[in-house]
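Working notes, beginning with the structure itself.
Residue numbers (my numbering): -15 to 244.
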């Protein structure tokens, strides 16, 4: 009999890191809260739930990196929570508020509204899956390919928030805007358009006075009118991808023919 001890297999890690996963759970809570509020017709509260989910999602990864508690479990859990908060919840919010009114037009047997909402949810799932794959590639691009799902959720839900709280209009009155906005936002998530990820932004470093003043001014505007300002901010971000792509193509030097 051999005296060599058989190495023990490592079992599954017991326990998870509390702090980062607590914020990730906050993302899930915000999405779930938005769904419940939308089902009750309280669309302003639903949009606040998405905003809470975005804040929690922006903090969990940073906290995990700062505390050196990043794990594969945390990444998978974050992706699942993002799907609820930025895929399912926005689709239900915009459908319950406006897209359900497309049933009156009998297109696709009266189901065009939920087809658009489902398309949004499916594109969000594809976007998150692609992000997970690209994140595992060493030396990958620092930019995003396709509109990030949190920004897409913000664009759709903050449109609803503005329509309810600022413009004071019913869902059927903005139906012809909500439908193409939702569909185009969905398609932009699965596009190959580059979007700035702001990963190079160093919040701990020095900043020039003018950009700092602009950030302070933007925060002041958000405090005055959160729905409309946030909608315009994320609309600008959604348009920045196609505009910058077009700009790069226009500035791309044309190949010169070799001299003879």
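Note that beta-carbon positions come from the ideal geometry of N, C-alpha and C, so glycine has one too.
- Residue 17 carries a helical assignment under DSSP once its states are collapsed to helix, strand and coil.
- Judged by beta-carbon spacing, residue 100 lies beyond the 8 Å limit of residue 112, meaning their Cβ atoms are not closer than that value.
- DSSP places residue 43 inside the alpha helix (DSSP H), whose first and last residues are 27 to 50.
- Three or more beta-carbon pairs drawn from the stretch 56 to 71 and the stretch 29 to 46 are found closer than 8 Å, and the two stretches are therefore classed as touching.
- Judged by beta-carbon spacing, residue 138 lies beyond the 8 Å limit of residue 108, meaning their Cβ atoms are not closer than that value.
- Collapsing the DSSP output to three states places residue 1 in coil.
- Put simply, of 6, 26, 226 and 13 the residue whose alpha carbon is nearest the alpha carbon of residue 128 is 226.
- Within a 10 Å sphere around the beta-carbon of residue 131 sit 16 or more other beta-carbons, which makes this residue buried.
- Nearest Cα to residue 110 within the set 172, 144, 91 and 146: 172.
- A residue is called buried once 16 or more other Cβ atoms fall within 10 Å of its Cβ, and residue 50, having fewer, is exposed.
- Of 176, 70, 91 and 162, the smallest CA-CA separation from residue 114 is found for 176.
- Per DSSP, residue 89 is not a residue of any alpha helix (DSSP H), being assigned neither H nor E.
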